[in-house]
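Numbering (mature numbering (1 follows the signal peptide of the UniProt record, and there is no 0)), first residue to last: -26 to -1, 1 to 241.
All residues carry an ideal CB built from backbone N, CA and C; glycine is no exception.
Only one structure is covered here, and it is reproduced in the block below.
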């Protein structure tokens, strides 16, 4: 009986050790797959100017996270593959294993913490309004929250929920592709649209009709980070190490300067 008892206890200890090890195996699943395949897959939103933007004519990808995802691949000794995604699709894309990491400046919001695991932030931005230079309705920030004013936001982004709660009198108009906020503004169906600093650069760099309106004081300063599937603690730690390295060795600063985003990098 003593021998049987010892065998049972040994088996129980082995089973307990195996169960204890399971999270670690799961946590390292992406890291292990990247090592075995030599490929790291990054979800991007190809409309994100300055971040992950695909030129409509040349199809070339440019932006801070195109540059930094290339650096990630180098650090991992892997090849980068891009997977088109969006703010509304990214949770499903990560959880269905379509990509290993979302690298397109995703705002760290409380409502996203249950479905995404975020790295340490690397960028930040407040809210900005874009209108036309000849718009007679919205001339300054205080003109926005008034009855009859219509304000476009991109559906699925942090600004949709924030502006719905923040604006007491103006009407929030969510837009989804193929309809764009710019189209709504140029057609006169809205008086302004809300965006962050990154996306505003697209209009200010390329369109002479656009006018940027900044708030008189901070409205919603958000941090932006990379995201991975929840539960993969080993991969999250590896991504956090990457963020720490690019801050320390100057690669984040260099990529930000190249893409006109040096004002919004996290120290």
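Is it true that the CB of residue j sits closer than 7 angstroms to the CB of residue i?
{"i": "residue 13", "j": "residue 52", "result": "yes"}
{"i": "residue 97", "j": "residue 238", "result": "yes"}
{"i": "residue 57", "j": "residue 15", "result": "yes"}
{"i": "residue 183", "j": "residue 106", "result": "yes"}
{"i": "residue 78", "j": "residue 25", "result": "yes"}
{"i": "residue 193", "j": "residue 119", "result": "no"}
{"i": "residue 173", "j": "residue 27", "result": "no"}
{"i": "residue 158", "j": "residue 149", "result": "yes"}
{"i": "residue 155", "j": "residue 126", "result": "yes"}
{"i": "residue 214", "j": "residue 38", "result": "no"}
{"i": "residue 186", "j": "residue 102", "result": "yes"}
{"i": "residue 212", "j": "residue 5", "result": "yes"}
{"i": "residue 17", "j": "residue 59", "result": "yes"}
{"i": "residue 198", "j": "residue 81", "result": "yes"}
{"i": "residue 54", "j": "residue 47", "result": "yes"}
{"i": "residue 147", "j": "residue 129", "result": "no"}
{"i": "residue 50", "j": "residue 112", "result": "no"}
{"i": "residue 216", "j": "residue 131", "result": "no"}
Exposed or buried, which one is residue i when buried takes at least 16 other CB atoms within 10 Å?
{"i": "residue 222", "result": "exposed"}
{"i": "residue 166", "result": "buried"}
{"i": "residue 229", "result": "buried"}
{"i": "residue 32", "result": "exposed"}
{"i": "residue 142", "result": "exposed"}
{"i": "residue -2", "result": "Unreliable positioning characterises residue -2 in this predicted model, as indicated by a pLDDT of 36, which lies under 50. The coordinate reading is nonetheless provided below. Residue -2 should be labelled exposed."}
{"i": "residue 179", "result": "exposed"}
{"i": "residue 10", "result": "exposed"}
{"i": "residue 122", "result": "exposed"}
{"i": "residue 242", "result": "Lying outside -26 to 241, the shown extent of the chain, residue 242 is not represented and no answer is given."}
{"i": "residue 170", "result": "buried"}
{"i": "residue 206", "result": "buried"}
{"i": "residue 191", "result": "exposed"}
{"i": "residue 138", "result": "exposed"}
{"i": "residue 90", "result": "buried"}
{"i": "residue 74", "result": "buried"}
{"i": "residue 20", "result": "buried"}
{"i": "residue -4", "result": "Low confidence applies to residue -4: its pLDDT is 36, below 50, so where it sits in the model is not reliable enough to give any reading."}
{"i": "residue 226", "result": "buried"}
Per DSSP, what are the beta-bridge partners of residue i in this structure?
{"i": "residue 198", "result": "81 and 97"}
{"i": "residue 148", "result": "127"}
{"i": "residue 91", "result": "202"}
{"i": "residue 28", "result": "35"}
{"i": "residue 55", "result": "15"}
{"i": "residue 186", "result": "104"}
{"i": "residue 169", "result": "102"}
{"i": "residue 75", "result": "16"}
{"i": "residue 21", "result": "27"}
{"i": "residue 239", "result": "97"}
Please decide whether residue i counts as near chain C, where near means a Cβ-Cβ distance under 7 angstroms.
{"i": "residue 39", "result": "Judged by its chain identifiers, the structure shown contains no chain C, having just a single protein chain."}
Rounded to whole angstroms, how far is the Cβ of residue i from the Cβ of residue j, which I believe are closer than 8 angstroms?
{"i": "residue 151", "j": "residue 240", "result": "29 angstroms between Cβ atoms; not a contact."}
{"i": "residue 35", "j": "residue 202", "result": "At roughly 21 angstroms, the Cβ-Cβ gap does not stay under 8 angstroms, so residue 35 and residue 202 are not in contact."}
{"i": "residue 115", "j": "residue 189", "result": "5 angstroms"}
Quiz item: Between the segment 69 to 85 and the segment 149 to 164, are three or more C-beta pairs nearer than 8 angstroms?
Solution: These segments do not touch.
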